[in-house]
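This report refers to the structure that appears directly beneath it.
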Amino acid sequence: MKLIPSLIGAAILATLSLSAQAQAAKPDLGKGSTLYGQVCVACHAADGNSTIAANPKLAQQHPEYIVKQLQEFKSGKRANAVMSGFAASMSDDDMRNVAYWLASQKAKTGFARDKELVALGERIYRGGIADRQIAACAGCHSPNGSGIPAQYPRLAGQHADYTVAQMNAFRS
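Numbering (the working numbering) for the sequence shown: 38 to 209.
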């Protein structure tokens, strides 16, 4: 009989502990905005919609994905001299705050000059290239390009040059 009150007490303590952890992990968008303005704005623009084709648009990106990428830059798992330097100075809370602030920003749509190339890209994105065993991008990044949090980034509106560079980097 003493076991039941002990189990109930343990469950209550575990719940309180999880609640405190959840509150501690809540991102601070104000701090994220400030840090972003100090460190990231020069390359990724004030609202996360970089106008530099070699740099990704980060507005409305999944925060889990941004945190994962920053952690990989910091650890050296993902190599980029500029990003590794910035990420090295960020705490986990800094990363989370910036990532959630970026997720709250509105992504701007991209544009393309070559309509035929866009049509080909859309066919590959939706259907892949079967004879080369290239899967459809939409299978992981979703049909509308919004991605899957933490696993696959949002691609909708991303710079074509940046996207091509990343595909080449992942291939090698």
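From the three backbone atoms N, C-alpha and C, an ideal C-beta is built for every residue, glycine too.
Quick caveat: nothing in here was measured; it's all calculated off a predicted structure.
According to the DSSP assignment, S112 belongs to the alpha helix (DSSP H) that extends over P100 to S112. Taking C-alpha positions only, G85 is separated from D198 by approximately 17 Å. Between the stretch 142 to 149 and the stretch 84 to 100 there are three or more C-beta pairs closer than 8 Å, enough to call the two in contact. About 7 Å separates the Cβ atoms of L139 and Y73, confirming a contact at the 8 Å cut-off. Under DSSP, I89 forms no beta bridge with any residue. The stretch 86 to 103 makes no contact with the stretch 156 to 171, as fewer than three CB pairs between them are under 8 Å.
Below 8 Å, too few C-beta pairs join the stretch 117 to 135 and the stretch 174 to 191 to call them touching: fewer than three. Cα atoms of A91 and H196: separation of roughly 8 Å, rounded to the nearest angstrom. Per the coordinates, the alpha-carbon of M204 lies some 15 Å from the alpha-carbon of G182. With contacts defined by Cβ atoms closer than 8 Å, M127 and K152 do not form a contacting pair. If you ignore the 5 residues before and after P93, its C-beta comes within less than 6 Å of the C-beta of Y199, all in its own chain and listed in chain order.
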